[in-house]
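Taken in order, these protein sequences are the chains called Y and F. Take 195 as the starting number for the first sequence in my numbering and just add one per residue. Take 339 as the starting number for the second sequence in my numbering and just add one per residue. All residues carry an ideal CB built from backbone N, CA and C; glycine is no exception.
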Amino acid sequence: MSAIITAADTAHGSRPAGQAADLAVNRRVKVMQIWRARLLPWLLPVALILAWEFAAKVGWLSSRILPEPWAVARAAWSLALSGELWTHVRISAWRAISGFAAGGGLGLLLGLLTGTFKQAETLLDTSIQMIRNIPALALIPLVILWFGIDESSKLFLVSIGVFFPVYLNTFHGIRSVDKGLIEMAKSYGLSGWPLYRDVILPGALPSILVGVRFALGLVWVLLIVAETISAQAGIGYMTMNAREFLQTDVVLVGILLYALLGKLADILARLLERYWLRWHPGYQ
Amino acid sequence: MQIDPVENAEVNAAVQLNAGRGIGIRVRSVSKSYAGREVLKTLDVEIAAGEFVAIVGRSGCGKSTLLRLIAGLEQPGNGNIGFGARDDKPEIRIMFQDSRLLPWKRVLNNVGLGLPRASLASIRALTQVGLEDRASEWPAVLSGGQRQRVALARALVHDPELLLLDEPLGALDALTRIEMQQLIESLWKERGFTAVLVTHDVQEAIALADRVLLIEDGEITLDERISLPRPRARGNLAFAQLEERILARVLKHPAPQLDSALGDISLQRTVSQVGWAI
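Laid out in structure tokens, this is it:
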């Protein structure tokens, strides 16, 4: 009996200390949860790389089919040291950026035009929709006939590919701006450019940015194809060249570079989205 | 109920005496039809400068259409609408059922919409509706009542001669609604603009308006002057009796049968708005 009382007493007496310990445990649990959320997405890739390395070491994979990750890293390192890597990345990135700027810019302009003016839509939209259904890659033979295999052929392919997603989403964005807001703004005396700047354009922006992100994904797809077909430089050229010499590790470096650059472009687009759409409940 | 034009003219004159910035409205044999269905049938109404008029009626009776015609958002099929003695366009502002704030502009910039240089007047208007501390928020984080208060500030910043209210409190909860009614009434008293309120809430109409108009099938069938002293207590016997009487009058008329072949007008408009996508 007395033992029970003492036990209860001590439990009672040590309550503040116990609470503090509880708090510390809580905090530790929370920190662990945060780290788990951060690390979990990387678990699968890391496990795959480990399995790959193991398979290569044990000899299940021939180095011609798939060299070990370590060899790929070494190849990347030596390419970076010789400066070859940077030349190719610079050229590819330049092609992607200028092609995206040309095609996306044109898509944005035409989308704004057809979205805003009914007559422009009547005049242009049918033709654009027809061209849209031609896969950009089907144009390759024609593009080579027109531009040869120099820079302009790659730019043309990339721009025509990114034109359509940007055009379509801009057009759709302009058309789906809340009519009530436009009516309100008009009744508050807004018209012309101020109406466009304050109401129509920001209203269309979420949709335009969806088009931009979609187009950014396409840029790399088109660029890979364009560069593997005909090029004297660029990541695609590097990988094709490596294939000739059976340098599978360099081919893998090229593929990983595309993945990395694509991810980088997507992060940039996401940052833009986060800034421009900071008013949007979905981004707060 | 018969409308007595002589008596009305006299009261109008009395109201006109203490008018501030308000402007009178003359609606002369105005009609309007959508897709062959007549929504308003040769409607005549005079609203005195500085008067607070409430328009009640069942949904689909044409009360919102009348308001949109006065606002100039739509053109009448026949007849005309005149304002005061002047020929130029008066300062008219409208408050909609949804606040229609621009979600990509902060509260202060929403209030200053259409002003060449916003800040000071906008802050003053925000202070009047009691939201000056939310000036730098995005509209998305405000509650429904706060959004309507911002919309009211946006309308007031232009110092309107005529304020049109298209069921602006319809979507608010009962307590917020009473607060907003008091706010609108006090601002109306202070500024002296003419106010036209469309509502389906008879109590709200009696609480706020000098005059209650009932529209049925596109015609004004009741023009009741409310002479209760302000501020009007809802528990008051005279208030309750008046409410009872007008509500009974509204309910006497059967709900308008929308032409089923045509469907709901508002629905048709929505479909035409998204028609490009189909």
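So what does DSSP say about K370/F, is it helix, strand or coil?
-> In the structure shown, K370/F sits in a strand (DSSP, three-state: E or B).
Simplified DSSP assignment, three categories, for T310/Y | Helix at T310/Y.
For Q486/F versus L507/F, is the C-beta spacing smaller than 8 Å?
-> Contact: yes.
Residue of T433/Y, T308/Y and S292/Y minimising C-alpha distance to Y361/Y = Nearest Cα to Y361/Y within the set T433/Y, T308/Y and S292/Y: T308/Y.
Give the DSSP bridge partners of V391/F, in chain order.
-> BP columns for V391/F point to V534/F and R549/F.
Name the residues in the stretch 367-392 of chain Y whose C-beta lies less than 9 Å from a C-beta of chain F; which are they?
-> Only those residues of the stretch 367-392 of chain Y whose C-beta falls short of 9 Å from the nearest C-beta of chain F are listed: R369, S370, D372, K373, G374, L375, E377, M378, A379, K380, S381, Y382, G383, L384, P388 and D392.
Using 8 Å as the limit for Cβ to Cβ distance, is P359/Y near chain F?
-> It does not: the Cβ of P359/Y has no partner Cβ on chain F nearer than 8 Å.
Mind checking if R568/F is an interface residue toward chain Y, Cβ cutoff 8 Å exclusive?
-> Answer no: the Cβ-Cβ gap between R568/F and chain Y never drops below 8 Å.
Stretch-stretch touch, CB-based, cutoff 8 Å, three pairs: the stretch 407-423 of chain Y with the stretch 455-469 of chain Y | In short, these stretches touch, since the Cβ pair count reaches three.
Does any C-beta atom of chain Y lie closer than 8 Å to the C-beta of P428/F?
-> Using a CB distance cut-off of 8 Å, P428/F does not count as an interface residue toward chain Y.
Chain-order list of residues whose beta-carbon lies under 7 Å from that of I285/Y (same chain, five-residue window excluded) = Cβ within range, chain order: A427 and G428.
Closer than 6 Å by C-beta to E557/F: which residues in its own chain qualify, once you throw out the five before and the five after it? Chain order, please.
-> Closer than 6 Å at Cβ, skipping near neighbours: K379.
Could you check what DSSP says for L490/F in three-state terms: helix, strand or coil?
-> The answer is helix: DSSP assigns L490/F an H, G or I state.
According to the neighbour-count rule (16 or more other Cβ atoms, all chains shown, within 10 Å of its Cβ), is M518/F buried or exposed?
-> Of the other Cβ atoms in all chains shown, 16 or more fall within 10 Å of the Cβ of M518/F; this residue is therefore buried.
Could you name the residues of chain Y that I461/F contacts, counting a contact when the two beta carbons are closer than 9 Å?
-> Within chain Y, no residue comes near I461/F; the closest Cβ sits about 18 Å away, beyond 9 Å.
CB-CB under 8 Å to G358/F, same chain, minus the five flanking residues each way: which ones, in chain order?
-> So the qualifying residues of the chain are G388, R529, G530 and F531.
Whether K370/F touches P414/F by CB criterion (8 Å) | P414/F sits close to K370/F, with the two beta carbons spaced by under 8 Å.
Per DSSP, the bridge partner or partners of R563/F | DSSP lists R549/F as partners of R563/F.
What did DSSP end up calling R568/F once you bin it into helix, strand or coil?
-> R568/F falls in the coil class under three-state DSSP.
Measuring alpha carbon to alpha carbon, tell me which of V588/F, A547/F and A491/F ends up nearest F390/F.
-> Nearest C-alpha to F390/F: A547/F.
Assuming S347/Y and I338/Y form a contact by the criterion Cβ under 8 Å, report the distance between their Cβ atoms to the nearest whole angstrom.
-> Contact flag correct, Cβ pair sits at about 6 Å.
Identified DSSP bridge partners for V365/F = Paired residues: V383/F and I419/F.
For T364/Y and L306/Y, the rounded distance between their alpha carbons = Spanning the two alpha carbons is a distance of roughly 6 Å.
For the putative contact between V419/Y and L336/Y, defined by C-beta atoms under 8 Å, what is the C-beta separation to the nearest angstrom?
-> Contact flag wrong, Cβ pair sits at about 14 Å.
Where K373/Y and L503/F are concerned, what is the direct C-alpha to C-alpha distance, given to the nearest angstrom?
-> Whole-angstrom Cα-Cα distance: 19 Å.
Is the shortest distance between the beta-carbon of D436/F and the beta-carbons of chain Y less than 8 Å?
-> Answer yes: the Cβ-Cβ gap between D436/F and chain Y drops below 8 Å somewhere.
For D539/F, which residues does DSSP report across the bridge?
-> D539/F is not bridged to any residue.
Can you find a C-beta in chain Y that's less than 8 Å from the C-beta of A423/F?
-> Cβ-Cβ to chain Y under 8 Å: no for A423/F.
Contacts of P235/Y in chain F (Cβ-Cβ under 9 Å) = Ordered by position in chain F, no residue passes the 9 Å Cβ test against P235/Y, which lies about 29 Å from the chain.
So with Cβ pairs under 8 Å, would you call P396/Y a contact of chain F?
-> Yes, P396/Y lies at the interface with chain F (some Cβ there is under 8 Å from its Cβ).
Give every residue of the same chain whose Cβ lies closer than 6 Å to the Cβ of L279/Y, excluding the five residues on either side of it in the sequence, and list them in chain order.
-> L273, listed in sequence order.
So is L469/F buried or exposed if we call it buried at 16+ other beta carbons inside 10 Å?
-> Burial call: buried.
Would you say R431/F and A491/F are within 8 Å of each other, going by their C-beta atoms?
-> Contact: no.
Going by DSSP, name the residue or residues bridged to D504/F.
-> DSSP links D504/F through a beta bridge to V536/F.
Looking only at DSSP bridge pairs, what is E554/F linked to?
-> Answer is E557/F, bridged to E554/F.
Distance between A436/Y and A269/Y (C-alpha atoms, nearest Å) | Taking the straight line from one Cα to the other gives about 11 Å.
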